[in-house]
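From first to last, the protein sequence lines are chains X and L. In the working numbering, each residue's number is its place in the first sequence (first place is 1) plus 769. In the working numbering, each residue's number is its place in the second sequence (first place is 1) plus 15. Ideal Cβ placement from N, Cα and C applies to all residues, glycine included. Here's the structure we're looking at; comments come further down.
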Amino acid sequence: MAVLIVRRLGSLAVTLLLLSVIVFGVTQVLPGNVAQMILGPYSTPETQQALEKNLKLDEPAWQQYRDWLTHFVRGDWGTSLRLGQQIRPILLLRLQNSAYLALSSLIGVVFFGIGLGILAGIRQNRPTDHLIALFAFLGISIPAFVSGSLLIILFGGGVWNLLPGSGYRSPTEDVRGWLTRLVLPTITLMLLLLAYVIRMTRSSIIEVLTTNYIRAARLKGASERDVILRHALRNALLPTVTVIAINIGFMLGSVVIIEQIFAYPGIGSLILFAVSNRDLPLLQASVMVIGIVTGLANLVADVLYMYLNPRIRYR
Amino acid sequence: MSTSPSGVHDATGVSAPPPATEGAAVAPGMQGSRAGRWRRFWEDVRRTPSASVGLVIVAGFFILSLIGPYIAPHSPTDFDIANKFGRPTLAHPFGTDPFGRDVFSRVIYGARLSFLLAAAATLFSLLIGTPLGLIAGYYQGWLDEVLMRVTDALLALPSIILALLIVTTLGSSAFNVILVVGIVYAPRIARVIRSGTLALRNEEFVQAARARGESGAYILFSEVLPNTIAPLIVEASIRMGFAILLATSLSFLGLGVSPPAPDWGLMVNEARPHIFRAPWLTIFPSLVIALTIVGFNLLGDGLRDILDPRRVWTERRSEGV
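Here it is, written out as structure tokens:
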């Protein structure tokens, strides 16, 4: 197993290295004068030259790449062109905000996903099961910007004025404001993920319920509740855990949309800011961070899967 | 590692593809005469509820994109300032927007735009992804290794992030939406084709072609490709749904089609400041987008059940919007 993990780490390193080439390459294929593109049509040649010097655009590409990569690995992520500040503190703060959002969604997904999955599993092929399947399918199919906008209309003031539809409060200053502003984006993100967990839990429960040890538990007189919660659920949880880990990368993609809808200051809205303002250093650093987090989450998913699967664990 | 959970792995694509769970290349029920095959296929579609419902929705969308401009009651772009922010009425079933444009007509015109964008993008990704997948799967070796590592790196990013990265390079326009969506989905197509090719490369008919001394291109396009058609159809129909999803999402972010085009994503974006004052501006385009994507997903799921039964419920959302 240790060998597998090391090999997996190696392939992650290769992937991230290639990704860094791609992310860096994007700046190289920008058509025309990069400095002018960044500064806009009203820039003077002097400011353009200054920026070129500042970005070291006059050096050969491989040298720029090497410098950029070594700085990035050392934790020096450069200065944002638009914000004029060090990128790392901003990026990490935004990542933290997005992590709140991701974490609250994960909690909700685990809770509702496993609950609905069990329910669908024990009511297999009955109306409840079909209803849950429909709900999951709609959640997975409807784009985040559609469900998010509809949620704002429904609960953010259009129909019922229950929750603030947008914005952000720091949890250290205003816990209530922070929590209430987290609810709608969390639900939007949850809707996208629920289907995975529901389907996974459902099929594991159905599979586990046909095994002999569940029959044994029933025969020894355990209540149906005990059979499900103590015997079946424990085994059904294993695949569900990996599915959740795999989807962390995906969550980081959807936050771009969700943070835009709800004006939530996370890493997604930061990337969007970088794209709209052609803030290349900021864009490169944020995309690399997303790549790293996604890669690590997948690694964790793999390791968990190996660990939870004895056939692989003891190889 | 050859048994990852339900193949969800391929999508995130960081690990090597698990050979044991890779898609079946030749679907059962695809043997026999051409007419007989189609008849059986049609019966399968009718018997699979998700496929038939999906087909109805997709057909409706397709017809709307063909005849939309002839049945739309108003122009999608003409201003009528006296009539701005009109509530839904009989004359304007979906209401009017801040410029007095008829939302119903804009939604109808939008079907053609969405269809053209998505179809062109899917075609583009097939054009890039298919040859790469064929070559990687057939020739193996270092070429395969390099291609797969590059797709790994591209798939390491959620697709919307990759799309944003490319938009930064190309700039935003309707044409670039096609390029961006096509490039984002090409690696996924390449993977599907590659696994199909892998399963076929040692089949007898391929060996026979090799023994006859046929060229590599002939073997790939005349022997291998026709036999990967089943997974390819499934993939293309799922990709169409995703292409609409990604294209409308880009327009929603203001990085896709530019105003005043009647793009659905752009309409939801433009409706944001008026979300409480004129919720119909958000609601109707949203529902149409949702319905269309649901239709393509249903059709894709149904087709997969019919054509590619070994690939049970694989990735969907790692697509990432």
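Put Ala42(L) into one of helix, strand or coil per three-state DSSP. For the purposes of this step, residue 42(L) is taken as the residue at position 27 of the second sequence. Bear in mind that a pLDDT of 46 at Ala42(L), under 50, signals an unreliable position, so the model cannot answer this.
DSSP state of Asp117(L), grouped into three classes? Taking the second sequence and counting its residues from 1, the one referred to as residue 117(L) is at position 102. Of the three classes helix, strand and coil, the one that applies to Asp117(L) here is strand, per DSSP.
Closer than 7 Å, Cβ to any Cβ of chain X: which residues of the stretch 157–168 of chain L, in chain order? Arg164, Val165, Asp167, Ala168: these are the residues of the stretch 157–168 of chain L whose beta carbon lies less than 7 Å from some beta carbon of chain X, given in chain order.
Contact under 7 Å by Cβ, Gly917(X) with Ile1061(X): Within the first sequence, residue 917(X) is the residue found at index 148, counting from 1. Within the first sequence, residue 1061(X) is the residue found at index 292, counting from 1. No.
Return the first residue and the last residue of the alpha helix (DSSP H) that Met959(X) is part of. What you label residue 959(X) is simply residue 190 of the first sequence in a count that begins at 1. That run of the alpha helix (DSSP H) goes 944–978.
Where does Leu988(X) land, buried or exposed, given buried means 16+ other C-beta within 10 angstroms? Working through the first sequence from its first residue, we reach residue 988(X) at position 219. Counting every other CB atom within 10 Å of its CB across the protein chains shown gives Leu988(X) a total below 16, marking it as exposed.
Examine chain L for any beta-carbon lying closer than 7 Å to the beta-carbon of Phe904(X), and answer yes or no. Counted from its first residue, the first sequence places residue 904(X) at position 135. Phe904(X) is outside the set of residues whose beta carbon lies under 7 Å from a beta carbon in chain L.
Below 7 Å between beta carbons: does that hold for Leu1068(X) and Leu781(X)? Counted from its first residue, the first sequence places residue 1068(X) at position 299. Counted from its first residue, the first sequence places residue 781(X) at position 12. Yes, the Cβ-Cβ distance between Leu1068(X) and Leu781(X) is below 7 Å.
Between the stretch 950–957 of chain X and the stretch 1019–1035 of chain X, can you find at least three pairs of beta-carbon atoms closer than 8 Å? As far as the Cβ criterion goes, the stretch 1019–1035 of chain X touches the stretch 950–957 of chain X, which means the pair count is three or higher.
For Ile204(L) versus Leu138(L), is the C-beta distance shorter than 7 Å? Translated into the one-based positions of the second sequence, residue 204(L) becomes position 189. Translated into the one-based positions of the second sequence, residue 138(L) becomes position 123. Judged by their CB atoms, Ile204(L) and Leu138(L) are not nearer to each other than the 7 Å cut-off.
Taking 7 Å as the CB-CB cut-off, is Val1058(X) touching chain L? Numbered from its first residue, the first sequence carries residue 1058(X) at position 289. Answer no: the Cβ-Cβ gap between Val1058(X) and chain L never drops below 7 Å.
Is it the case that the Cβ atoms of Gly152(L) and Arg62(L) are separated by a distance below 7 Å? One-based indexing of the second sequence puts residue 152(L) at position 137. One-based indexing of the second sequence puts residue 62(L) at position 47. Against a cut-off of 7 Å, the Cβ pair of Arg62(L) and Gly152(L) comes out as no contact.
So, Pro103(L) versus Trp295(L), is the Cβ gap smaller than 7 Å? One-based indexing of the second sequence puts residue 103(L) at position 88. One-based indexing of the second sequence puts residue 295(L) at position 280. Yes, Cβ-Cβ distance for Pro103(L) and Trp295(L) is below 7 Å.
When the distance is taken between beta carbons, is Ala262(L) closer than 7 Å to Val199(L)? Locating residue 199(L) in the second sequence gives position 184, counting from the first residue. Locating residue 262(L) in the second sequence gives position 247, counting from the first residue. In this structure, Ala262(L) does not lie closer than 7 Å to Val199(L) by Cβ.
How many angstroms separate the CA atom of Tyr1076(X) from the CA atom of Val966(X)? Sequence index remark: in the first sequence, residue 1076(X) carries index 307 (1-based). Sequence index remark: in the first sequence, residue 966(X) carries index 197 (1-based). One alpha carbon belongs to Tyr1076(X), the other to Val966(X), and they sit about 19 Å apart.
Output yes or no for whether 7 Å exceeds the beta carbon distance between Gly317(L) and Gly69(L). Working through the second sequence from its first residue, we reach residue 317(L) at position 302. Working through the second sequence from its first residue, we reach residue 69(L) at position 54. It is a contact, given that the beta carbons lie within the stated cut-off.
Checking contacts by CB at 7 Å: is Asp112(L) closer than that to chain X? For the purposes of this step, residue 112(L) is identified with residue 97 of the second sequence, where counting begins at 1. For Asp112(L), the nearest beta carbon of chain X is not closer than 7 Å to its own beta carbon.
Based on the DSSP secondary-structure assignment, which residues constitute the bridge partners of Gln855(X)? Here the question's residue 855(X) lines up with position 86 in the first sequence. Beta-bridge partners assigned by DSSP to Gln855(X): Thr848(X).
Taking Thr212(L) as the reference, which of Phe77(L), Val73(L), Ile290(L), Pro146(L) has the closest Cα? One-based indexing of the second sequence puts residue 212(L) at position 197. Ranked by Cα distance from Thr212(L), the first of Phe77(L), Val73(L), Ile290(L), Pro146(L) is Pro146(L).
Whose Cβ in chain L lies nearer than 7 Å to the Cβ of Val1072(X)? Reading the first sequence from its first residue, position 303 is the one you call residue 1072(X). Neighbours of Val1072(X) on chain L: none; closest Cβ ~10 Å, over 7 Å.
For Met45(L) and Val239(L), what's the separation of their Cα atoms in angstroms? One-based indexing of the second sequence puts residue 45(L) at position 30. One-based indexing of the second sequence puts residue 239(L) at position 224. The predicted position of Met45(L) is uncertain, since its pLDDT is 48 and thus under 50; no value can be drawn from it.
Sub-7 Å separation of Val195(L) and Val207(L) beta-carbons: For the purposes of this step, residue 195(L) is identified with residue 180 of the second sequence, where counting begins at 1. For the purposes of this step, residue 207(L) is identified with residue 192 of the second sequence, where counting begins at 1. No, these two residues do not count as a Cβ contact at 7 Å.
Chain X residues whose Cβ lies nearer than 9 Å to that of Ile244(L): In the second sequence, counting from the first residue as 1, residue 244(L) sits at position 229. Chain X residues near Ile244(L): none, gap ~25 Å exceeds 9 Å.
Leaving out the 5 sequence neighbours to the left and right, which residues in its chain are closer than 6 Å to Leu1007(X) when beta-carbon positions are compared? In the first sequence, the residue the question calls residue 1007(X) occupies position 238. Only residues of its own chain outside the window of five on either side were considered, and among them Leu1077 have a CB closer than 6 Å to the CB of Leu1007(X), listed in chain order.
Is Leu963(X) closer than 7 Å to Gly908(X) when the C-beta atoms are compared? By one-based count along the first sequence, residue 908(X) stands at place 139. By one-based count along the first sequence, residue 963(X) stands at place 194. It is a contact, given that the beta carbons lie within the stated cut-off.
Any chain X beta carbon closer than 7 Å to Thr36(L): Stepping through the second sequence from its first residue, residue 36(L) is reached at position 21. Note that Thr36(L) has pLDDT 35, beneath the 50 cutoff, so the model's placement of it is unreliable and no number is given.
Span separating the alpha-carbon of Thr949(X) from that of Met770(X): Working through the first sequence from its first residue, we reach residue 949(X) at position 180. Working through the first sequence from its first residue, we reach residue 770(X) at position 1. Rounded to whole angstroms, Thr949(X) and Met770(X) show a C-alpha spacing of 44 Å.
Which one of Met163(L), Phe109(L), Ala66(L), Ile82(L) has the shortest CA to CA distance from Ile319(L)? Residue 319(L) sits at position 304 when you count from the first residue of the second sequence. With the sequence shown as reference, residue 319(L) is identified as Arg, and Ile is not the correct amino acid for it. Cα-wise, what sits closest to Arg319(L) is Ala66(L).
Cβ closer than 8 Å: which chain L residues qualify as neighbours of Arg1047(X)? Taking the first sequence and counting its residues from 1, the one referred to as residue 1047(X) is at position 278. When 8 Å is used as the limit between beta carbons, Arg1047(X) is near these residues of chain L: Thr183, in chain order.
May I ask you to list the residues that DSSP assigns as paired with Asn930(X)? Translated into positions along the first sequence, residue 930(X) becomes position 161. In the DSSP assignment, Asn930(X) is bridged to Gly925(X).
Could you tell me if Ser749(X) is buried or exposed, where buried requires 16 or more neighbouring beta carbons within 10 angstroms of its beta carbon? Residue 749(X) falls outside the range modelled here, since chain X spans only 770 to 1084, and no answer is possible.
Simplified DSSP assignment, three categories, for Thr243(L): Locating residue 243(L) in the second sequence gives position 228, where the first residue counts as 1. DSSP, read as helix, strand or coil, puts Thr243(L) in helix.
Between Ile248(L), Ala286(L), Gly75(L), Phe114(L), which lies nearest to Phe56(L) when the distance is taken from Cα to Cα? Within the second sequence, numbered from 1, the residue matching residue 56(L) stands at position 41. The closest CA to that of Phe56(L), considering only Ile248(L), Ala286(L), Gly75(L), Phe114(L), is found on Ile248(L).
List the residues of chain L whose Cβ lies closer than 7 Å to the Cβ of Gln1029(X), in chain order. As a position in the first sequence, residue 1029(X) is number 260, starting the count at 1. Chain-order list of chain L residues neighbouring Gln1029(X): Leu268, by C-beta distance under 7 Å.
Does DSSP classify Val1063(X) as helix, strand or coil? Position 294 of the first sequence, counted from the first residue, corresponds to residue 1063(X). Strictly speaking, residue 1063(X) in this sequence is Thr, with Val absent from that position. Note: Thr1063(X) maps to helix in three-state DSSP.
For the candidate residues Gln833(X), Ser1055(X), Gly946(X), Phe914(X), whose alpha-carbon lies nearest to that of Ala1043(X)? Sequence index remark: in the first sequence, residue 1043(X) carries index 274 (1-based). Of Gln833(X), Ser1055(X), Gly946(X), Phe914(X), the residue nearest in Cα terms is Ser1055(X).
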